[in-house]
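Comments concern the structure below.
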Amino acid sequence: MENQMEIVILPDSAEVGRVAASVIADVVARKPDGALGLATGSSPLAIYDELARRAAAGELDFSRMRGFALDEYVGLDYAHPESYHAVIDRTVTKPLGMDPELVSVPDGLAQDVPAACAAYEAAIDAAGGIDVQILGIGANGHIGFNEPTSSLASRTRIKTLTPKTRADNARFFDSPEAVPTHCVTQGLGTILRARRLVLVAQGEAKAEAIAAAVEGPVSASCPASVLQLHEHATVVIDEGAASRLHNADYYRYTWANKPEWQRY
């Protein structure tokens with residue numbers, strides 16, 4: 001395995017989901033009691049759909065896998081359909097057949113938020129670390145809810161969401177004002193500790209962020225650029241999200257000529 005960021009450009013979102021799911025499936029097959037880092041949002045849904053299909057077909061068993069969500073809104077009741085406790089349960093835990101007792105989400109209702117953040121970090125450590133972390137990317141380059149200017153060494157903590165992020169997420173709520181202003185998120189330093197990272201993105205709206213993350217400088221201005229520091233990061237995107245990449249032809253060539261034994 002070459003120690004560099006791998007960029008996989010595919011024709012459409014369904015293929016993005018299939019290939020990214022194959023990376024996850026390889027980890028689950030090799031370590032059925034390992035730990036998955038779980039992202040929410042629209043980008044990873046195709047991954048979860050494909051993994052659920054394979055689980056239903058008896059190809060994968062997630063019953064012993066641990067799960068750690070990237071983030072949670074602060075102050076949003078867990079019964080709210082857009083709390084990430086609810087979203088993870090609905091889109092990941094139940095469809096994949098995971099044990100709810102083994103799936104953790106940051107505590108956005110804690111009275112002592114710093115203590116809850118420290119406890120979440122400790123829980124990840126106690127599980128032996130995250131084997132593969134699934135990531136989406138925001139239009140401003142955020143991963144998890146690590147907004148621009150986040151420390152590249154940050155750990156799980158409370159963050160203030162940018163107006164842009166709140167506006168992007170308003171489609172899930174009754175009104176823009178209903179979107180919480182704060183969240184608890186794994187930090188960039190926490191994400192970098194995962195053994196493998198898989199980031200997915202679809203559509204031209206993510207193209208600028210992908211170009212900055214993949215080909216720009218490593219900078220807190222584009223939090224996703226921190227993936228360049230990881231020894232085993234894979235970015236799986238469609239043609240729309242790849243449209244601003246200068247080296248797209250090289251990435252396509254590299255993927256097309258990758259040895260089968262090294263594919264996932």
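In this text, residue positions in the sequence shown follow UniProt numbering: the first is 1, and each later residue adds one.
Glycine is no exception: its CB is placed at the ideal position from the N, C-alpha and C atoms.
Residue from the options whose Cα sits closest to the Cα of residue i
i: ILE124; options: GLU72, ARG193, ALA209 and SER151; result: ARG193
i: MET5; options: ASP26, GLY67 and GLY216; result: GLY216
i: VAL27; options: ALA211, GLU121, LEU60 and LYS94; result: LEU60
i: ILE7; options: HIS230, ASP99, THR181 and VAL214; result: VAL214
i: ASP99; options: ASP33, GLY144 and GLY128; result: ASP33
i: THR234; options: ASN257, GLY203, SER243 and ARG195; result: ARG195
Integer Cβ distance of residue i from residue j, believed to fall under 8 Å
i: GLY136; j: ALA209; result: About 10 Å; that fails the 8 Å criterion.
i: residue 276; j: ASN140; result: Nothing can be reported for residue 276: it is not among the residues displayed for the chain, which extend from 1 to 264.
i: GLY108; j: VAL74; result: 5 Å
i: VAL105; j: GLU72; result: 5 Å
i: LEU70; j: GLN228; result: The Cβ separation is near 19 Å, so there is no contact.
Range of the contiguous beta strand (DSSP E) that encloses residue i
i: VAL28; result: Per DSSP, VAL28 belongs to no beta strand (DSSP E); it is in the alpha helix (DSSP H), 13–30.
i: VAL87; result: Unbroken run through VAL87 is the alpha helix (DSSP H), 84–88; no beta strand (DSSP E).
i: THR160; result: 157–160
Exposure label - residue i; buried when at least 16 CB within 10 Å
i: LYS206; result: buried
i: HIS246; result: exposed
i: MET1; result: Reliability fails at MET1, whose pLDDT of 44 lies under 50, so the model's placement of it is uncertain and the value that follows must be treated cautiously. MET1 comes out exposed.
i: SER63; result: exposed
i: ARG66; result: buried
i: GLN111; result: exposed
i: ASN169; result: buried
i: TYR218; result: Looking at the sequence shown, residue 218 is not Tyr but Val. Exposed.
i: GLU177; result: exposed
i: ASP12; result: exposed
Identity of the residues DSSP links to residue i by a beta bridge
i: VAL235; result: ILE7 and LEU199
i: GLN133; result: GLY37 and LEU197
i: THR185; result: ASP71 and ARG157
Bounding residues of the alpha helix (DSSP H) (the contiguous stretch that carries residue i)
i: LYS164; result: 163–169
i: ARG244; result: Neither: ARG244 is in no alpha helix (DSSP H) and is coded neither H nor E.
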